[in-house]
Every structure is written in structure tokens, then in C-alpha cells.
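Quick note on my numbering: the sequence shown kicks off at 8 and runs consecutively. Don't be surprised by glycine CBs; every beta carbon is placed ideally from N, CA and C. Written out below as C-alpha cells is the structure these notes cover.
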Amino acid sequence: FFFFFFFFFFGIFSNISGNIGDSGAVFKWILEQKADESIQLIDRETLNDYINTKDFLAVIFYKENDPDAPRVLRHIELIDDEASEYGIYIVKMHDKLMAKKYGYRNPPGITYFRKGKYINYDGDIDDEEEVLDWLTSPANMEMTDHIEQVNRKMFEKIRKTSDYLAVIFYSDDCKQCPRVLAEVEHIDDEADKAGIDFVKIDDKQMAKEFGVFALPAIVFFKPSSKEPVIYAGDLYEEEQILTWLLTQKDPSGDVIEDLEGDKLINLIEESGSIAVYFWNKTQCDICNSKAARKARLKKEKEQQQQSDSGGGSSAGAAAALGGEGEASEGGSETPTDSKHEDDVDGCEQCTKVLEELENIDDDCDKHGITFVKTKDFSVADSYGVHDYPALVYFEGGIPNVFEGELNEEEEVLQWLITQKTEDRIELITRQMLETMVEETQYLAVYFLPPDRLGKPPAYCRSFCSPLSLQEANTVTNTSTSTTSKTTINTSHKPKNFLKNYITRKRKRIESQDKINCNICDQILEGLELIDDECDVFGIHMVKIQDPQLAKRYSIKTFPALVYFRNGNPLLFEGDLQNEQSVLEWLIDDDNRELADEIEEVNERMLERLMSESTLLVVFFYDEDCAECEEILEELEEIDGEADMFGIDFVKIASVDAAKKYDVVNIPSLVYFRKQVPVLYDGDLHQHDKIITWLTSQDVFEIKNEIEEVNRKMLDKLLEENEFLTVFFYEHNQQESVAALEKLENIDSETDNLDITFVKMADSRYAKKWGVTKLPAMVYFRRRFPSIYRGDLLSEEEVLEWLRKNRFRQPELNIFMYALIALAVAFVLYTAFLLQCFKTTPPPPPQHPKQS
8 FFFFFFFFFF GIFSNISGNI GDSGAVFKWI LEQKADESIQ LIDRETLNDY INTKDFLAVI
68 FYKENDPDAP RVLRHIELID DEASEYGIYI VKMHDKLMAK KYGYRNPPGI TYFRKGKYIN
128 YDGDIDDEEE VLDWLTSPAN MEMTDHIEQV NRKMFEKIRK TSDYLAVIFY SDDCKQCPRV
188 LAEVEHIDDE ADKAGIDFVK IDDKQMAKEF GVFALPAIVF FKPSSKEPVI YAGDLYEEEQ
248 ILTWLLTQKD PSGDVIEDLE GDKLINLIEE SGSIAVYFWN KTQCDICNSK AARKARLKKE
308 KEQQQQSDSG GGSSAGAAAA LGGEGEASEG GSETPTDSKH EDDVDGCEQC TKVLEELENI
368 DDDCDKHGIT FVKTKDFSVA DSYGVHDYPA LVYFEGGIPN VFEGELNEEE EVLQWLITQK
428 TEDRIELITR QMLETMVEET QYLAVYFLPP DRLGKPPAYC RSFCSPLSLQ EANTVTNTST
488 STTSKTTINT SHKPKNFLKN YITRKRKRIE SQDKINCNIC DQILEGLELI DDECDVFGIH
548 MVKIQDPQLA KRYSIKTFPA LVYFRNGNPL LFEGDLQNEQ SVLEWLIDDD NRELADEIEE
608 VNERMLERLM SESTLLVVFF YDEDCAECEE ILEELEEIDG EADMFGIDFV KIASVDAAKK
668 YDVVNIPSLV YFRKQVPVLY DGDLHQHDKI ITWLTSQDVF EIKNEIEEVN RKMLDKLLEE
728 NEFLTVFFYE HNQQESVAAL EKLENIDSET DNLDITFVKM ADSRYAKKWG VTKLPAMVYF
788 RRRFPSIYRG DLLSEEEVLE WLRKNRFRQP ELNIFMYALI ALAVAFVLYT AFLLQCFKTT
848 PPPPPQHPKQ S
């Protein structure tokens with residue numbers, strides 16, 4: 008007979024089942040139960056080592072001579088093996104100092120370490136079941152800074168208590184796993200806030216049970232489904248993983264908002280970044296109809312039969328028989344069904360695209376991109392959208408059309424993020440271009456080569472590398488082989504010879520047009536490199552693919568670049584592969600110059616002009632100011648004259664720019680001389696007084712610096728100044744730079760001598776005054792030049808020479824006056840002498856008759 012035998016040890020019983028008649032076996036079992044101490048006793052050094060190396064460590068602190076200690080330890084030993092199944096290592100310690108350190112002044116007590124962080128047990132230490140529940144509780148095992156590593160036993164318990172659970176399966180021998188784990192660690196807190204528990208498991212066999220055969224992998228468990236969902240996206244994108252988890256938890260997320268009419272137009276104009284999906288709801292409703300679904304099922308069935316028919320002759324015969332039966336059944340097909348069959352491909356795109364785009368709506372919101380959809384044809388037509396569906400991205404009201412596959416959600420999302428984060432050249436339509444030409448002051452348009460069967464045309468060959476002649480001939484031979492049978496009997500006839508020749512020629516050209524247009528892409532990449540620089544100068548760059556529109560601007564070779572200045576086109580005739588030459592051409596003053604109009608700039612361009620322009624006049628105005636329009640008309644009359652004096656004239660409508668340069672009142676005119684501002688306080692409606700003020704020497708002059716002038720300004724200074732010194736030099740010439748540094752030191756001394764000192768980098772104008780070698784200095788006294796022949800590097804010698812020439816004029820005047828006075832005195836004295844010593848004439852002789 009077999010009986011149960013119970014052994015009580017400190018009030019705790021253990022039972023043995025077996026033959027109690029074997030006294031030896033019973034006695035051995037009793038000794039084992041008494042001597043069983045499976046919990047390891049450790050010291051301080053071992054404790055510190057275990058805290059650092061064990062993920063989960065439970066330490067029982069007790070007194071060595073406490074009579075209750077064996078009973079407490081015995082209770083814990085009953086759960087030791089089960090705790091180890093959860094990865095919890097239990098040890099014991101009778102060090103009073105360490106017990107006191109962790110909060111136990113009167114042991115026994117249990118301290119639980121999780122990755123070095125500890126918590127103390129405050130329940131009934133004699134209830135081993137309660138202790139085990141406390142140790143294995145997910146709330147206690149959770150560590151906020153890291154994803155918890157669990158085993159199968161712990162996972163099963165967490166799975167029972169958690170509604171939403173994400174598991175990442177990994178392995179120590181996996182090279183990608185550490186990087187993926189590091190990425191997932193970043194979203195652990197966000198997932199926890201969303202009510203999703205996140206754990207990691209190192210168990211390949213367990214992963215295979217859930218359908219995971221490649222590590223690392225992320226699996227999501229939810230209460231509504233027994234089978235988990237495996238993540239099939241990019242494991243290195245943490246935001247994408249988090250979005251997927253939130254979508255799995257709550258599939259009924261926000262859908263793409265549907266807008267129409269003025270509300271959509273206002274949102275496009277006011278929003279910084281917005282993506283608009285244009286779709287044809289009528290077509291989609293037809294696609295979702297019963298007839299369309301029937302047509303799609305029929306097409307799928309036919310495709311399946313065609314794939315099965317290739318297995319063998321018997322299968323082909325069966326397929327043929329089936330095809331005959333279907334043909335007989337389909338004899339009564341209606342025209343409507345035929346129409347739906349033609350629209351099957353479009354229906355597949357129609358039903359799938361919107362579903363795919365719904366998945367990236369939240370991702371777009373995270374990147375600051377508003378995503379809306381519309382079925383308003385009038386809005387679509389205003390932006391040149393005629394083919395549906397279409398996706399257009401607007402940034403600052405500027406449109407950019409998506410060219411890729413709309414059903415590839417990752418491609419669409421990446422394209423939108425790229426448009427948001429990087430400066431790309433926008434692709435626009437003809438109507439968009441016509442609107443931008445009217446509204447944009449400076450617009451550069453890159454005309455792309457038109458597609459022909461997905462390939463660029465023949466006249467792009469000058470930029471691109473064609474396929475080999477062998478490939479072209481192969482295409483030509485294959486394309487013409489099908490027509491040779493039909494033309495073999497008629498090709499010899501004279502009336503068909505020319506027609507067949509033209510056909511063969513056209514096919515040969517089309518085959519050569521199938522080229523790899525790498526250079527076109529390189530040109531576009533180069534233009535995108537200078538897109539930011541163009542923005543600084545207020546030049547907006549777009550691209551378009553419209554060969555008919557290109558003909559309007561006499562474009563015969565693609566690609567091409569057209570520069571619109573207030574709607575006036577200018578074709579670039581240089582090398583498009585050299586983006587620097589393109590940029591220099593775009594920002595060249597001659598190309599940017601607008602007839603009788605002041606150039607408008609933005610804040611970035613104004614800063615650029617500040618650093619580059621020596622003399623700059625800025626008109627700060629407001630677009631809603633009626634007075635500003637009148638003032639602008641007055642200022643535009645002197646824009647050309649100011650440019651002749653070397654003064655750049657621009658306007659800006661920016662409150663932030665006005666605050667930056669301490670402009671309080673709008674409108675205002677500020678004159679910057681080497682970034683030193685001077686505010687004009689006169690009447691802005693009198694342009695003649697403004698140009699006089701701008702070119703006056705008092706405003707033009709900068710203290711302790713030799714001013715740069717041009718020909719027009721120098722002529723004006725020669726007319727207004729009696730004494731003027733001009734330093735003629737060359738840019739980037741070492742001798743000129745050294746001389747200029749020395750002459751700058753005596754600028755203030757020349758001012759004391761009432762001599763205006765300026766500089767000029769114009770060798771041709773210098774030859775007018777007899778200067779043959781630069782650098783040189785010329786002193787003008789009443790427009791009469793004197794060339795300095797000494798050493799320009801000796802500032803004292805130069806100053807002394809100027810001083811002598813300056814004060815030579817009074818001595819010359821006294822001498823001349825003296826000579827004139829002597830001459831006048833001599834004339835007067837001579838006249839006096841002639842008058843005083845004049846002899847009296849003799850009396851006339853008398854006539855004999857008178858005597």
C-alpha cells in the first residue's frame with residue numbers, strides 16, 4: 008500500500024508519495040528535507056557583484072541567531088525554484104550593517120533589486136505565495152529606463168495581465184539586434200504612456216512558435232486576437248515603430264480630412280506645409296459598385312487560368328475547355344460590364360491609394376505636414392491637376408506635384424518629408440507656372456525633357472548617354488519583325504516604299520530614345536545645390552515638363568533654363584552642368600535689373616546685400632500702406648540715377664527687418680554706408696531732394712575711411728570740391744592693398760586740410776587723367792590734375808606733398824595780382840606822361856592877304 012507521508016519542519020510541511028514500508032528511503036528523505044538549504048548565503052562583496060550582474064535579485068536579510076530565521080528561510084526556499092523560472096535569483100544574508108543600509112533595522116526582510124534599483128517587501132513574509140506574486144508582479148519587475156527582459160514564464164504571466172503587449176525577439180548572436188534594441192528603447196516610455204507594455208525575449212524557439220523566423224522582430228499582442236501581429240516595417244525607424252504600435256492599438260485613428268472650395272484654398276495659402284490629395288469620388292463610387300467588383304473578380308479568374316494553363320498540355324487543354332465555356336457564358340456581356348473591365352486597373356488604384364495614404368497621415372502630422380483630401384474639381388483645375396488621383400505638396404503656397412507611385416506609402420512619406428526638410432525644386436504644371444510668372448518677381452524655370460514611353464526624347468541626346476547600338480538594333484529588329492510578315496508582299500511597290508521607310512526610321516529613332524538620362528539628373532541635382540542661394544536673392548526656382556509650353560519660349564534642346572523677371576523671359580545659353588555659372592548668371596545685376604522699378608528683397612537677401620554693398624538705400628514700407636505706393640512711384644524715378652552713382656536701391660516689406668535695424672516709423676528711407684545707417688528725415692514725396700541728399704558729400708563721407716566712388720560720383724565731386732585727391736588702384740593687387748592701408752592713416756589729416764580723399768578701381772578712367780600705372784594718386788585743384796610721383800607707402804611724404812599743393816594757390820595769386828597791378832600802373836603812368844608832356848601845336852601860317 009502507498010500512503011502520503013507528511014513532514015513538518017518549523018510549521019511547514021512537505022509530503023512524500025511512495026512506499027512508506029521502505030524505512031531506509033523514508034529516513035533518507037527526512038534528512039534531505041531537514042538539510043535542504045537551496046538559497047545561497049553571500050557576503051558584501053558577492054552582493055555588490057550580484058547587484059551589478061543580475062537583472063532580478065531578491066535578498067533575504069535575517070539575524071544569524073534569530074530563532075524565527077529558519078522558518079522564514081524555509082518559506083522562501085519553497086518558492087526558490089519557481090522564482091528562478093522567472094529569472095529571479097534569491098540569496099540570503101545575515102549582515103546587520105547591509106540590512107540597515109537597505110532599510111531593515113530589525114530583520115528579517117526582503118529587498119528586490121531590478122538592474123541595481125531596489126524596492127522593499129512590506130507584506131507577510133511567512134506567506135510564500137504572496138511573496139512570489141510580489142516578486143513576479145509585472146509592476147514590480149518593470150524598469151522605466153529599460154525594456155524588461157523576460158523569459159517564457161514571465162511572458163505568460165504578463166500576457167494574462169496586459170491588454171496590449173509588444174515583444175521584441177532578439178538574440179545575443181544577432182549583429183543587428185543591439186542597434187534595434189537601442190532604437191526601441193527610445194519609444195519605451197511613449198508606448199507605456201499609450202498603455203502598451205514593452206518587453207524583450209531572447210528565445211529563438213519561442214519566436215518560431217509565433218511565426219518569427221528572422222531576428223530581430225517585433226510582435227504585437229492584443230486581446231481581440233489570439234494570433235499576434237508581426238511588424239513588417241523598418242526596424243531602425245523608432246517613430247515608424249511607435250506609429251505602428253499606436254495604430255495596432257487603435258486602428259480607428261484620424262482619417263484624412265476632406266475639404267473643398269474657399270476653405271481649402273485659404274488653408275493652402277495660410278499653411279506653411281500642406282499635402283493635398285486630389286481624387287475623383289465619382290470614379291471611386293463606380294469602382295465600388297457591384298458591376299465593377301464582378302469585373303475585377305472575372306479578371307482575377309482569367310489571370311489565374313492563364314497562369315495555370317502554362318503547367319502542361321493537359322492543363323492547357325483543360326484551360327482551353329474552360330475558356331470556351333466561359334466564352335459561351337460571357338456572350339451576353341453588356342457594354343457596361345465591358346467598360347468596367349477597362350477600368351479594373353484604375354479601380355485597383357482608386358481603392359488602394361487612399362487606404363495607403365491613411366497610414367501616413369499621423370506621420371505627416373508629426374513632421375508638421377497637414378494632410379487633406381479633396382474632390383473639388385474647380386480647385387484641382389486652378390492648379391492644373393487634370394489626371395486623378397494626384398498628390399500636390401504646397402509649401403508657402405508654392406505647389407509641387409508628386410511623380411511617383413501613390414500606392415507606395417513609404418515612398419510618398421519619404422518624398423513629403425524630403426520636401427519639408429530639404430529644399431527641393433518644385434515640379435509644377437502649366438497653369439501653376441502662368442500664375443507664378445504673374446505673381447513672382449524673379450522666377451527661374453527648369454524645363455525637363457518630355458517623356459516618351461518613360462524615356463527622354465531624341466533631342467535630349469546631346470546631354471545624355473544612349474544605349475549601345477547593339478541594344479538599339481535589338482529593339483529595332485524585334486519591333487520590326489512583327490510587321491515584316493504583313494509587308495513582305497507589298498514593300499516592293501513604289502507607293503509603299505516611302506511609307507515603309509518612314510515607319511522603319513521612326514521605330515529606329517524611338518529605339519534610340521530609350522536612353523539613360525543620367526546627365527539630366529545631374530543637372531537637376533546641381534541646380535538643387537544652388538536653390539538656397541537663389542532664395543537668398545529672392546529667386547524662386549521650379550521645374551516643369553511641358554514640351555508645348557517650351558516651344559513658346561523657343562526651346563528646342565532639353566533640358567533648358569528660362570529666367571523670368573517680372574514676366575520677361577531670358578533663356579540661359581551657358582553650361583547647365585556648371586551650377587556656379589548658372590548662379591552667377593541668375594544673380595548678375597544686368598540680368599536681375601528691372602526697368603524703372605526698385606528691386607524687392609527679403610530679410611536674408613537684405614543681410615547679404617548689407618555685407619556686399621558699400622552704399623545701400625533701403626525703403627521700408629508696408630504692403631497695406633496707401634501712402635507707400637505714392638512714395639514708391641517717386642523713388643522709382645531716381646532709382647536709375649542712384650544706380651549711376653553706385654548706390655544700390657532696394658525695398659522691403661518686413662516688420663521684423665524694420666525692428667532689426669531700429670526703424671520705428673513706416674514708411675522710412677535708410678541709407679547704409681558700409682552697414683552704417685543714416686535715416687532720411689525729409690519729405691519722401693520729393694525725389695529730387697532725396698537724390699541730392701544721397702549724393703551729398705556730407706552723407707556720403709565716412710570718417711577715417713577713404714570712400715569708394717565711380718565715374719559719375721567722381722565727376723560730381725570734381726564739380727563740388729575745389730580740392731580733391733583720388734587714389735586709383737586695382738582689386739586684389741598686393742601693392743594696391745599695401746598703399747591703401749598707408750593712405751587710410753592720413754585720411755583724417757587730409758580732411759583737416761579741406762581735401763576730399765576718395766578711391767577708385769577703374770584703370771580706364773585713370774588713363775583719362777594721364778595715369779599709366781596703378782596704383783597712383785592724383786590731386787585735383789579746380790579740376791586741374793597733379794600726379795604724385797613719390798612713394799605711396801610713405802604716408803608722411805604723401806601728406807607733405809598734399810600740404811604743399813594745398814597752400815601753393817595763395818602765393819600764386821599774390822604774384823599774379825602783383826604782375827597785373829604793375830601792368831596796370833605802367834599803362835596808367837604811360838598815359839599820364841603822354842598827357843602831361845604833350846607839346847602845343849604851332850599856329851597856322853597867315854595868308855599874305857591877311858597880313
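Over the uninterrupted alpha helix (DSSP H) stretch that includes Ser389, give me the two end residues. Phe384 to Ser389
At what residue ranges does the region 715-800 contain a whole run of the beta strand (DSSP E), taking only runs of 3 or more? 730-735, 763-767, 783-788 and 791-794
Cα-Cα separation between Val543 and Asn609, rounded to whole angstroms: 8 angstroms
Distance check for Met823 and Leu835, CA to CA, integer angstroms please. 18 angstroms
Nearest candidate by alpha-carbon position, reference Glu756, set Glu807, Lys99 and Gln741: Glu807
Limits of the alpha helix (DSSP H) - the one that Leu54 falls within: Arg51 to Thr60
With Val408 as the anchor, note down where its beta strand (DSSP E) starts and where it stops. Ile405 to Val408
Between Ile367 and Ser561, what straight-line distance do the alpha-carbon atoms span, to the nearest angstrom? 42 angstroms
With a threshold of 16 other CB atoms inside 10 Å of the CB of Glu586, please say whether the residue is buried or exposed. buried
Is it buried or exposed for Ala832, if we count other Cβ within 10 angstroms and need 16 for buried? exposed
In terms of alpha-carbon separation, which member of Met617, Phe679 and Ile698 lies closest to Phe652? Ile698
Please return the same chain residues whose Cβ sits closer than 7 angstroms to the Cβ of Pro235, not counting the five positions on each side in sequence. Phe217, Val226, Phe227 and Phe228
Test item: CB-CB of Glu402 and Ser280 under 7 angstroms: yes
What three-state label does DSSP hand Pro554 in the structure shown? helix
Give the secondary structure of His694 by DSSP, where H, G and I count as helix, E and B as strand, and everything else as coil. helix
Looking only at C-alpha atoms, which of Ile272, Asp369 and Lys233 sits nearest to Thr254? Asp369
6 angstroms CB neighbourhood of Val360 in its chain, flanking five on each side removed: Pro396, Leu413 and Asn414
Would you check whether the ligand FAD has a heavy atom nearer than 6 angstroms to the C-beta of Trp286? This structure lacks the ligand FAD; in fact it carries no ligand of any kind.
Quick check: the region 141-150 against the region 181-192, are at least 3 beta-carbon pairs closer than 8 angstroms? no
Might you give, ordered along the chain, the residues of its own chain that have their beta carbon closer than 8 angstroms to the beta carbon of Pro792, omitting 5 neighbours on each side? Trp776, Gly777, Val785 and Tyr786
I think Lys256 touches Ile203, with their Cβ atoms under 8 angstroms apart; what is that distance to the nearest whole Å? 6 angstroms
Counting only runs of 4+ residues fully inside the region 74-134, write out the alpha helix (DSSP H) ranges in chain order. 76-84, 87-92 and 103-108
Please state if the CB of Leu64 and the CB of Tyr96 are separated by a distance shorter than 7 angstroms. yes
Indicate the three-state DSSP secondary structure (helix, strand or coil) for Pro848 in the structure shown. coil
Extent of the continuous beta strand (DSSP E) run through Ala567: Ala567 to Arg572
Using the Cβ count rule (16 or more neighbours within 10 Å means buried), how would you classify Ala838? exposed
Coarse secondary structure for Ile237, derived from DSSP in three states: strand
Which residue marks the beginning of the alpha helix (DSSP H) containing Ala214, and which one marks its end? Lys211 to Glu216
Since I believe Ile58 is in contact with Gly123 (beta carbons under 8 angstroms), could you give me their beta-carbon distance rounded to a whole number of angstroms? 6 angstroms
Ile654 and Leu622 - do their beta-carbons sit closer together than 7 angstroms? yes
Drop a sphere of 10 angstroms on the beta-carbon of Lys200, count the other beta-carbons inside from all chains shown, and report buried for 16 or more, exposed for fewer. exposed
Quick check: Phe734 and Lys766, are their CB atoms within less than 7 angstroms of each other? yes
Straight-line CA distance for Ile154 to Phe205? 6 angstroms
Residue range of the unbroken alpha helix (DSSP H) whose run includes Pro185: Cys184 to Glu192
Simplified DSSP state of Arg431, which is helix, strand or coil: coil
I need the straight-line Cα distance from Gly110 to Tyr69, nearest angstrom please. 13 angstroms
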